[in-house]
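Working notes for the structure below.
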Ligand SMILES: Nc1ncnc2c1ncn2[C@@H]1O[C@H](COP(=O)(O)OP(=O)(O)OP(=O)(O)O)[C@@H](O)[C@H]1O
Ligand SMILES: [Mg+2]
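Chains as they are written, first to last, in the numbering used here: chain A, 28 to 396; chain B, 10 to 579.
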């Protein structure tokens, strides 16, 4: 193996791949990056077994070859190198010499055979989505997935592909986010349950791209733009029937200034219990009152003006859930709908001039007096 | 001629003696009490054949003159009170004036006494005054009681083995040795010294000497006042309480007595900190105004009567509970023992009620009347760094060494106390579920859901039958971010169905204990720094931080002196 590459290209390639390398692992080769020199350039790959990222960067290859090298050390070395050509030469027995200007390094790697094989995802039957659509879904939905291990299915984000639209849904069982965007491209309908970690890599790597190619094997999903690919394991379904729990008859509707609502929640939330963050919202004509009372700590009250003309209603929430949802709302005003203190409340953007449809749902906390 | 005749005096005395003198141990008790009443600073008891052959008690007290010596063996002769009014608040052990005559009526009795000027010896056999003669001796009194019950063979038959009589006699002396630290006690049995307790400056030392260092170091101090009643002493750490072999010593105004109900009250103070079958060792001394207690209700003065028993029970329960809440109640790391100094105590004040209350910490120091030496520390504001070990234990530095907290036990304690408050208050916060949980249960488990519906609801579980053997759960509590509601509920229902925690008689407490046990963070769960800090803060804000609901410790301490011993720095 022998190749020359600019320090910048090597750096960018490593930057794309190295975030996938796990910080701690019991399998030593996973701490390494697979470096393959071939006729089309230098391919760099990393994986944590759930997700794999692979990218091709231009390089002058004199002799093809492959080895895995310690990701952390390689990244640190390349970061400190001067801006000049980097020459890497195989030195036998998984060793390489790295030269750049007057700097010389010898690094010991691990045989490429030990590196896990990539999932068998074929891009020949791939479909495409615009990066803007996909990232819009990811940005508004994936936060809502569960991080607890008790229900693994909820650790994933449901991605529904239909002829005319795409939808993403995520929930932890206490609150849910759902977004639809009109889209074509998918050849067939599919329900994919994707780990949010993989979507995070898509967001990181494909933000600037135009179109993203997507291909599926039985258990894996592949994303590709240009020379970079991301593979992820799919979570096995079926995803719970969320449609059935989205309320259709929430007849009480308040339109609220998002910033006013958030800051009031943050203020009174200071004295809410660390455990449940419980706040009481009391809607009445034209006003929304907030009350928090935590034994051993104290109480807080606040009030904002809202547009509401339904019957007075009191409902309790985990303030953090509300704040989180509000953070992702794309408009200055939000539409808050509910029916009864024990029923799900929904929050939607108010007056959003966008072809997408966004809805978040928050389950209430029981109010006790 | 009528059938009734007045009994001869000796026979009447023998019958009366039955109430006071039951076995050699009663003789020991009466004679030693007399010695203490006479202001002795050293008392020696010698036994032969477990006291059946001889009980000899010698003291260095005031002694008596010749007239008093003769009077002393008469019935109802006492120097200690002169009228019924003086019975109120009587400060001497004796006041009935019958012990010596009773003993002398059932034995071969000799008393030698000298008050500094006169020396006298009386000999009484089976209640008959044989001789009064002058003797020369040092100030003090020696009483010899030989062949107890020689003249009442029926009663002599009831005496137990020599071993058991010796043990009873030794116990009688032990009780008094606990009451009077300022006196040197010695017990010799057939020439062997069984006990040699020099004057002690604190109870802990005396306890260590009488019961061994292991018992002494397993104790925590009690110091409580309520309703004008003080309760002081030492009680066993909950983690060490066993179902058998406990010792319970009660004293009122320095006088030993027995009272099953007060022991119960002390145990009630342990509630939720020990396994329901655990019986803690207790050394409790009650201080109460003399007119609030009647000591003359039992011939051998083994019992007393309180004017307001409820008040005393409450004072004891509160004092015990108060003691268990302190840092000293935390379990202590125990290495191999044996060659340690006897009676050495290393009670480490671990925490105040909350980290930031320095005042509370000071009072913990004050409470330590037992003389453990420790540099007075600045108020402690909680651990700086916490290390999680084996994903189960939280380890941190305290002013006195290292403390190790079991995360599950600690959280159990936190949840238990919170749940008790919620069950008797407005109920726990409860998160409605978007996707209700379905549980498939066995018939006994379904029964549990029915009978505990109110409590489940108050704890935050909204459960509804769903037909067949299923129930749906619409809302769940949220005791910590990693809470697995489904598993918790399944385990709780199974516990109830199987009668686990059956020893908890109170329904609320049993429920709270079960819930706390099942909802708490598990061992093996990796925690973030904030979570660990939060858990410790909550633990230390509890009423009884050092104990979980199964009688296990939540905290183990590795004090500085133990570290020093292990590293050979001592
Ligand atoms: N060791 C002693 N030293 C000095 N005086 C003693 C001693 N033992 C007994 N006496 C005197 O003898 C009296 C009678 O003793 P006795 O034990 O019979 O009665 P008591 O102690 O007064 O009452 P009780 O029957 O309640 O013990 C005592 O009141 C005390 O004055
Ligand atoms: Mg007496």
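Even for Gly, the Cβ is constructed at its ideal location relative to N, Cα and C.
Interface partners of residue i on chain B, CB under 8 Å
{"i": "residue 302 of chain A", "result": "438, 487, 488, 489"}
{"i": "residue 392 of chain A", "result": "438, 439, 440, 441"}
{"i": "residue 267 of chain A", "result": "444"}
{"i": "residue 318 of chain A", "result": "By Cβ distance, chain B contributes nothing, its closest Cβ being about 14 Å from residue 318 of chain A, past 8 Å."}
For residue i, the nearest candidate out of the options (CA to CA)
{"i": "residue 330 of chain A", "options": "A:323, A:308, A:321", "result": "A:308"}
{"i": "residue 482 of chain B", "options": "B:491, B:490, B:497", "result": "B:497"}
{"i": "residue 92 of chain A", "options": "A:132, A:30, A:76", "result": "A:30"}
{"i": "residue 284 of chain A", "options": "A:371, A:125, A:335", "result": "A:335"}
{"i": "residue 138 of chain A", "options": "A:150, A:149, A:148, A:117", "result": "A:117"}
{"i": "residue 333 of chain B", "options": "B:242, B:320, B:401, B:12", "result": "B:242"}
{"i": "residue 5 of chain B", "options": "B:318, B:88, B:246", "result": "Any property of residue 5 of chain B remains undetermined from this structure, which presents chain B solely from 10 to 579."}
{"i": "residue 127 of chain A", "options": "A:351, A:152, A:107, A:349", "result": "A:107"}
{"i": "residue 153 of chain A", "options": "A:286, A:313, A:365, A:256", "result": "A:256"}
{"i": "residue 67 of chain A", "options": "A:90, A:45, A:51, A:55", "result": "A:90"}
Any non-hydrogen atom of ligand 2 within 7 Å of residue i CB
{"i": "residue 263 of chain B", "result": "no"}
{"i": "residue 467 of chain B", "result": "no"}
{"i": "residue 124 of chain B", "result": "no"}
{"i": "residue 43 of chain B", "result": "yes"}
{"i": "residue 39 of chain B", "result": "yes"}
Contact set between residue i and chain A, taken where Cβ atoms lie within less than 9 Å
{"i": "residue 399 of chain B", "result": "The premise fails here: residue 399 of chain B is roughly 17 Å from chain A at the closest Cβ pair, so nothing lies under 9 Å."}
{"i": "residue 317 of chain B", "result": "Chain A residues near residue 317 of chain B: none, gap ~33 Å exceeds 9 Å."}
{"i": "residue 521 of chain B", "result": "Under the 9 Å cutoff, chain A gives no residues; its nearest Cβ is about 16 Å from residue 521 of chain B."}
Contact list for residue i against chain B, beta-carbon separation under 9 Å
{"i": "residue 3 of chain A", "result": "The structure shown does not extend to residue 3 of chain A, since chain A is modelled only from 28 through 396, so no value can be given for it."}
{"i": "residue 134 of chain A", "result": "What residue 134 of chain A touches in chain B: nothing, since even the nearest Cβ is about 33 Å away."}
{"i": "residue 305 of chain A", "result": "438"}
Proximal residues of chain A, C-beta to C-beta of residue i below 8 Å
{"i": "residue 531 of chain B", "result": "Result: empty, since nearest Cβ-Cβ is about 12 Å, beyond 8 Å."}
{"i": "residue 38 of chain B", "result": "Residues of chain A passing the Cβ test: none, with the nearest at roughly 52 Å."}
{"i": "residue 543 of chain B", "result": "301"}
Residues that residue i contacts on chain A, provided the C-beta gap is smaller than 7 Å
{"i": "residue 209 of chain B", "result": "Here the premise fails: no neighbours, minimum Cβ distance about 43 Å."}
{"i": "residue 47 of chain B", "result": "Those within 7 Å of residue 47 of chain B in chain A number zero; the least Cβ separation is about 57 Å."}
{"i": "residue 484 of chain B", "result": "393"}
beta-carbon residue i near ligand 1 non-hydrogen atom, thresh 7 Å
{"i": "residue 73 of chain B", "result": "yes"}
{"i": "residue 104 of chain B", "result": "yes"}
{"i": "residue 109 of chain B", "result": "yes"}
{"i": "residue 195 of chain B", "result": "no"}
{"i": "residue 93 of chain B", "result": "no"}
{"i": "residue 161 of chain B", "result": "no"}
{"i": "residue 34 of chain B", "result": "no"}
{"i": "residue 86 of chain B", "result": "yes"}
{"i": "residue 81 of chain B", "result": "yes"}
Proximity of residue i and residue j at Cβ, strictly below 8 Å
{"i": "residue 144 of chain A", "j": "residue 98 of chain A", "result": "no"}
{"i": "residue 72 of chain B", "j": "residue 136 of chain B", "result": "no"}
{"i": "residue 61 of chain A", "j": "residue 48 of chain A", "result": "no"}
{"i": "residue 337 of chain A", "j": "residue 363 of chain A", "result": "no"}
{"i": "residue 425 of chain B", "j": "residue 525 of chain B", "result": "yes"}
{"i": "residue 34 of chain A", "j": "residue 111 of chain A", "result": "yes"}
{"i": "residue 317 of chain A", "j": "residue 389 of chain A", "result": "no"}
{"i": "residue 118 of chain B", "j": "residue 133 of chain B", "result": "yes"}
{"i": "residue 207 of chain A", "j": "residue 192 of chain A", "result": "yes"}
{"i": "residue 321 of chain B", "j": "residue 315 of chain B", "result": "yes"}
{"i": "residue 71 of chain A", "j": "residue 88 of chain A", "result": "no"}
{"i": "residue 151 of chain A", "j": "residue 185 of chain A", "result": "no"}
{"i": "residue 261 of chain A", "j": "residue 221 of chain A", "result": "yes"}
{"i": "residue 361 of chain A", "j": "residue 342 of chain A", "result": "no"}
{"i": "residue 530 of chain B", "j": "residue 491 of chain B", "result": "yes"}
Chain B residues whose Cβ lies nearer than 7 Å to that of residue i
{"i": "residue 371 of chain A", "result": "443"}
{"i": "residue 175 of chain A", "result": "491"}
Scan the segment 272-289 of chain A for residues whose Cβ lies nearer than 7 Å to a Cβ of chain B and list them as they occur along the chain.
Those residues of the segment 272-289 of chain A placed with their C-beta closer than 7 Å to a C-beta in chain B are 272, ordered along the chain.
Compile a chain-ordered list of the residues in the segment 164-196 of chain B whose CB is closer than 7 Å to at least one CB of chain A.
So nothing in the stretch comes that close.
Interface positions of the segment 190-222 of chain A facing chain B (Cβ-Cβ less than 9 Å), listed along the chain:
Contacts with chain B (Cβ-Cβ distance below 9 Å) from the segment 190-222 of chain A involve 198, 199, 200, 201, 202, 203, listed in chain order.
Quick one, which residues of the segment 492-506 of chain B are near chain A if we go by CB-CB under 9 Å, in chain order?
Within the segment 492-506 of chain B, the residues whose Cβ lies closer than 9 Å to any Cβ of chain A are, in chain order, 492, 493, 494, 495, 496.
Of the residues that make up the segment 138-160 of chain A, which ones have a beta carbon closer than 7 Å to any beta carbon in chain B?
From the segment 138-160 of chain A, no residue has a Cβ closer than 7 Å to chain B.
Taking a Cβ distance cut-off of 7 Å, strictly less, list which residues of the segment 277-308 of chain B are near chain A, in chain order.
So the list is empty, because no residue satisfies the distance condition.
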